[in-house]
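Below is one structure, written out as structure tokens; the observations come after it.
Protein chains: 2
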Amino acid sequence: MALIVQKYGGSSVADAASIKRVAKRVAEAKRAGHDVVVVVSAMGDTTDELIDLAQQITPMPPQREMDILLTAGERISMSLLAMAIHNLGVDAKSFTGQQAGVITDESYGKARIIDVTPSRIRQTLAQGSVAIVAGFQGVNPTTNDVTTLGRGGSDTTAVALAASLKADVCEIYTDVDGVFTADPRIVPNARKLDRVSYDEMLELAASGAKVLVLRCVEYARRYGVPIHVRSSFTTHTGTLVTDQPAAEGEIVEQPIIAGVAHDRSEAKITVVGVPDVPGKAARIFQVVAGAGVNIDMIVQNVSVAATGLTDISFTLPATDGAAATAALTEHQPDIGFASLQYDDTIGKLSLIGAGMKSHPGVSARFFAALSEAGINIEMISTSEIRISVVTRADSLDDAVRAVHTAFDLDSTEDEAVVYGGTGR
Amino acid sequence: MALIVQKYGGSSVADAASIKRVAKRVAEAKRAGHDVVVVVSAMGDTTDELIDLAQQITPMPPQREMDILLTAGERISMSLLAMAIHNLGVDAKSFTGQQAGVITDESYGKARIIDVTPSRIRQTLAQGSVAIVAGFQGVNPTTNDVTTLGRGGSDTTAVALAASLKADVCEIYTDVDGVFTADPRIVPNARKLDRVSYDEMLELAASGAKVLVLRCVEYARRYGVPIHVRSSFTTHTGTLVTDQPAAEGEIVEQPIIAGVAHDRSEAKITVVGVPDVPGKAARIFQVVAGAGVNIDMIVQNVSVAATGLTDISFTLPATDGAAATAALTEHQPDIGFASLQYDDTIGKLSLIGAGMKSHPGVSARFFAALSEAGINIEMISTSEIRISVVTRADSLDDAVRAVHTAFDLDSTEDEAVVYGGTGR
Chain P
751 MALIVQKYGG SSVADAASIK RVAKRVAEAK RAGHDVVVVV SAMGDTTDEL IDLAQQITPM
811 PPQREMDILL TAGERISMSL LAMAIHNLGV DAKSFTGQQA GVITDESYGK ARIIDVTPSR
871 IRQTLAQGSV AIVAGFQGVN PTTNDVTTLG RGGSDTTAVA LAASLKADVC EIYTDVDGVF
931 TADPRIVPNA RKLDRVSYDE MLELAASGAK VLVLRCVEYA RRYGVPIHVR SSFTTHTGTL
991 VTDQPAAEGE IVEQPIIAGV AHDRSEAKIT VVGVPDVPGK AARIFQVVAG AGVNIDMIVQ
1051 NVSVAATGLT DISFTLPATD GAAATAALTE HQPDIGFASL QYDDTIGKLS LIGAGMKSHP
1111 GVSARFFAAL SEAGINIEMI STSEIRISVV TRADSLDDAV RAVHTAFDLD STEDEAVVYG
1171 GTGR
Chain L
751 MALIVQKYGG SSVADAASIK RVAKRVAEAK RAGHDVVVVV SAMGDTTDEL IDLAQQITPM
811 PPQREMDILL TAGERISMSL LAMAIHNLGV DAKSFTGQQA GVITDESYGK ARIIDVTPSR
871 IRQTLAQGSV AIVAGFQGVN PTTNDVTTLG RGGSDTTAVA LAASLKADVC EIYTDVDGVF
931 TADPRIVPNA RKLDRVSYDE MLELAASGAK VLVLRCVEYA RRYGVPIHVR SSFTTHTGTL
991 VTDQPAAEGE IVEQPIIAGV AHDRSEAKIT VVGVPDVPGK AARIFQVVAG AGVNIDMIVQ
1051 NVSVAATGLT DISFTLPATD GAAATAALTE HQPDIGFASL QYDDTIGKLS LIGAGMKSHP
1111 GVSARFFAAL SEAGINIEMI STSEIRISVV TRADSLDDAV RAVHTAFDLD STEDEAVVYG
1171 GTGR
């Protein structure tokens, strides 16, 4: 008997029929003798509909009220799921984030979990019931107001609850079969990974793989929570995200490379004609950070000796492009650069694998593959277990396929693959 | 400067445009210098849609989960209204029933308010903000679970908050202009009452007038909360429900009769051939009460001496008809009656007025009017300030009009009247 936390996203509970299907799955786990806690997102498009309603009222809703509004979505899905499970003869009770003890800071709209005190959940499990918990929400204890956790909030709720309850596994149910060596929409013969380490999963998530958000993986790594990413539409085993050694007798493939991730959401800013004196680069990044913008990759060109000027390029989320250029333009006089170039037609490709630490030749093979495919590389950055390059957006798909093939990641079987975005 | 509690029903906040209109009204009251607390129902059909969703999941949803589900509706409307008021430059904060301190018993689906501890509401008013409160909901303090208050729950929330905050008035906004001498759909020249006493309003509500529910008026009378029933579509003065004497110089009509109410929701059960021995009637009403059914009017026929048998008729809500007949049939052997007759084609008409206590001749005029209109009377019951009769359902409208005219209640002006059902 295990303690299992299951998380179902919005597409898994989109309507009454889907909720009944999920209920059946939950009831099966319970009947198999496990203690089951279920974290659930809002039904299908509910959250978007609520955001749309708010936009009809005002373009700038107060964030406290926005959070109260949005948490209505999970309140609906969690109570319906509890009813559906109850209807199968299995006792179930639903709890809001507050009732489940999800304590956050007061950053409405993107609150961070600071503590989890799930005494009511423990009590419910002890009574032999299934506990359903609203994902994506918590409570700010100083004012007793509800908060929402932002993107990937329900996954984070599930992992945080699993950590606090010392669950054996946190199952993240989604509309894909697991974590793949590449996005199957681009690489149709991408392979599902059986296992991936926290570090690799962190790099994959940070590099554009959308199946899990970064903060959820960070949380899981910090508390050693094994995550099982799997499909809610099949009973296939998915991908286990863990650092635990495989059980004795279990044959686990230990590939050099975990996968190829890509990201089309970034833009590049080039600051042209920066005086090549100490402190100028630091000043630029201070200004950008001051605008609340996170920088990803940075390249400083070699200074042209005759002019004493250099160019500095960096990438950032395209959604922060306007804020960053406005801040830099405001500080143009004191930084003293000549001009700004903004480019949002770039793509980023990342090769990730814990094995590359100990396997020389990975970069050589990587750059050879890109070169043979005729891909022009604009920026490069590396970590111990990752190589990333920036290319033109329209050559990104070709680049992903070339690298995927070069590292023998292509599947030899015909795997039936369903792939889509994940809920929040 | 006054402290005003305003309550808006579902039809007043049915969509974004309606919410903005209500926001304007709230902002005007605030700008006029008043402290304003707003109680709001769920938007338009939200509650019915949520009930429908639950029905798609299971025919018998656990009531705790049903209450969690339904309270999502007010969570949406209250946060949207706070946003809309905020957008007009007036600070507003929304609160769930729990946050507003609405403490109830644990009767999910029809909880009773046992205490109101509105410290956060007082604090919000002291900060100069408008407080928005979700109607229809509270919290069961022993488990910290949300409860719903049942029919008319938002009106009751508003009156309970007004009592606890010692508000100067509780304004119930609805889609009619106030309390009328009769339902204007039946009597087009019914008059709006300027004032009505708690006792009269209680009798009106109990006799089928739908503008306010009984428990809300009971609460208001107990705590002396003046209720102002008015339209959210006009700025007309509505009807003041109060026992306070009129202000000096204020000319208040003190009519003998407050109005004529009607009710089509009852049914009549006749227990035929009951042995006319002591204790049989008590046994019948014990059995019916044991099935959770409230009886309204009772008539026992004169016993036929030869047989020693009598008939007992009573009225009850038609929705309880099945439960009552089942319970009686089960106990037929020990009660010893011959048969049951069930009739749901009856109507009830009630004439209500505090003045009838001191004005002889009211009943004579009442029965004369019905007789002249050719209305057959099946049952009669009276209180100090009310006479009720049961008629055939299809002669009820004629009966209402005849009595309304006989007591000179018909309006001489052409009043523009909008009349419809009220929200919960």
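Protein sequences, first through last, are from chains P and L. For the first sequence, my numbering gives the first residue as 751, with consecutive numbering after it. For the second sequence, my numbering gives the first residue as 751, with consecutive numbering after it. Built from N, CA and C at the ideal position, the CB exists for glycine as well.
Roughly how many angstroms separate the alpha carbons of residue i and residue j, rounded to a whole number?
i: Thr-931(L); j: Ile-1062(L); result: 33 Å
i: Lys-770(L); j: Ala-834(L); result: 6 Å
i: Ala-956(P); j: Asn-837(L); result: 37 Å
i: Leu-915(L); j: Pro-868(L); result: 7 Å
i: Ala-1076(P); j: Asp-918(L); result: 52 Å
i: Ala-1056(P); j: Glu-799(P); result: 58 Å
i: Pro-1110(P); j: Arg-1151(P); result: 22 Å
i: Asp-855(P); j: Ile-863(P); result: 7 Å
i: Gly-974(L); j: Lys-843(L); result: 27 Å
i: Thr-1155(L); j: Glu-1080(L); result: 46 Å
i: Ser-1138(L); j: Val-866(L); result: 36 Å
i: Val-840(L); j: Leu-830(L); result: 14 Å
i: Asp-765(P); j: Gly-794(P); result: 7 Å
i: Pro-1005(P); j: Glu-950(P); result: 12 Å
i: Ser-1133(L); j: Asn-1051(L); result: 20 Å
i: Gln-877(L); j: Val-788(L); result: 16 Å
i: Phe-1035(L); j: Ser-1053(L); result: 18 Å
Counting only the same chain and skipping the five closest in sequence on each side, list residues whose C-beta sits under 7 Å from that of residue i.
i: Ala-1149(L); result: Leu-1099, Leu-1120, Ala-1123, Ile-1125 and Thr-1141
i: Ile-818(P); result: Val-896
i: Gly-1171(P); result: For Gly-1171(P), the predicted model reports a pLDDT of 38, less than 50, meaning its position is unreliable; a value from the coordinates is still stated below. Closer than 7 Å at Cβ, skipping near neighbours: Lys-960.
i: Ile-777(L); result: Contrary to the premise, residue 777(L) reads as Ala rather than Ile in this sequence. Here the set comprises Ile-835, Leu-838 and Val-840.
i: Gly-783(L); result: Met-751
i: Gln-813(L); result: Tyr-858 and Gly-859
i: Cys-966(P); result: Gly-902, Asp-905, Thr-906 and Val-909
In the DSSP assignment, the alpha helix (DSSP H) including residue i goes from what residue to what residue?
i: Ile-818(L); result: 813-836
i: Asp-802(L); result: 796-807
i: Gln-1082(P); result: 1082-1085
i: Tyr-973(L); result: 964-973
i: Leu-954(P); result: 948-956
i: Val-926(L); result: Taken as a continuous stretch (DSSP letters only), Val-926(L) belongs to no alpha helix (DSSP H), as it is neither H nor E.
i: Arg-935(P); result: That residue, Arg-935(P), is in no alpha helix (DSSP H); it is neither H nor E in DSSP.
Which residues in the same chain have their Cβ closer than 8 Å to the Cβ of residue i, if we skip the five residues on either side of it in sequence?
i: Ala-1074(L); result: Ile-1019, Val-1038, Ala-1041, Val-1043 and Leu-1066
i: Ile-1007(L); result: Thr-931, Leu-1101, Ile-1102, Gly-1103, Gly-1105, Met-1106, Val-1112, Phe-1157 and Leu-1159
i: Val-1022(L); result: Asp-1061, Phe-1087, Ala-1088, Ser-1089, Leu-1090 and Gln-1091
Excluding the 5 residues preceding and the 5 following residue i in the sequence, name in chain order all residues of the same chain whose CB lies nearer than 6 Å to its CB.
i: Glu-1165(L); result: Because Glu-1165(L) sits at a pLDDT of 47, beneath the cut-off of 50, its placement in the model cannot be relied upon, and the following sentence gives the value as read from the coordinates. Excluding residues within five positions, none has a Cβ falling inside 6 Å.
i: His-986(P); result: Asp-927
i: Ser-947(L); result: Asp-993 and Ala-1104
i: Ala-792(L); result: Gly-760, Gly-823, Glu-824 and Ser-827
i: Met-1129(P); result: Met-1047, Val-1049 and Val-1140
i: Lys-780(L); result: Val-786, Val-840 and Val-880
i: Thr-846(L); result: Ala-884
i: Ser-1145(L); result: Ile-1125
i: Gly-1097(L); result: Arg-1014, Thr-1141, Ala-1143 and Leu-1146
List, in chain order, every chain B residue whose beta-carbon is nearer than 7 Å to that of residue i.
i: Ala-804(L); result: The displayed structure is made up of protein chains P and L, and chain B is not among them.
Contact defined as beta carbons within less than 8 Å: I believe residue i pairs with residue j. What is the distance between those atoms, to the nearest angstrom?
i: Val-880(L); j: Val-889(L); result: In fact, because the Cβ distance is near 22 Å, the residues do not count as touching under 8 Å.
i: Ile-922(P); j: Asp-905(P); result: 6 Å
i: Asp-925(L); j: Ser-761(L); result: 5 Å
i: Ala-884(P); j: Val-790(P); result: 7 Å
i: Thr-821(L); j: Gln-887(L); result: 5 Å
i: Arg-945(P); j: Leu-990(P); result: 5 Å
i: Ala-1011(L); j: Leu-943(L); result: About 12 Å separates the two Cβ atoms, so there is no contact after all.
i: Asp-1026(P); j: Gly-1058(P); result: 5 Å
i: Ala-737(L); j: Gly-958(L); result: Since the first residue of chain L shown is 751 and the last is 1174, residue 737(L) is not available in this structure.
i: Leu-962(L); j: Val-979(L); result: 7 Å
Looking at the secondary structure, which residues open and close the beta strand (DSSP E) in which residue i lies?
i: Val-886(P); result: It should be pointed out that residue 886(P) corresponds to Phe in this sequence rather than to Val. Run containing Phe-886(P): none; DSSP gives neither H nor E here.
i: Ala-1017(L); result: 1016-1025
i: Ile-863(L); result: 863-866
i: Arg-842(P); result: One detail in the question is off: residue 842(P) reads as Ala in this sequence, not Arg. 842-845 is the extent of the beta strand (DSSP E) around Ala-842(P).
i: Ser-1131(P); result: 1129-1133
i: Gly-1097(L); result: 1096-1102
Is it the case that the region 751-766 of chain L contacts the region 907-917 of chain L, given that we only count it when at least three CB pairs across the two stretches are under 8 Å? Segments in contact, yes.
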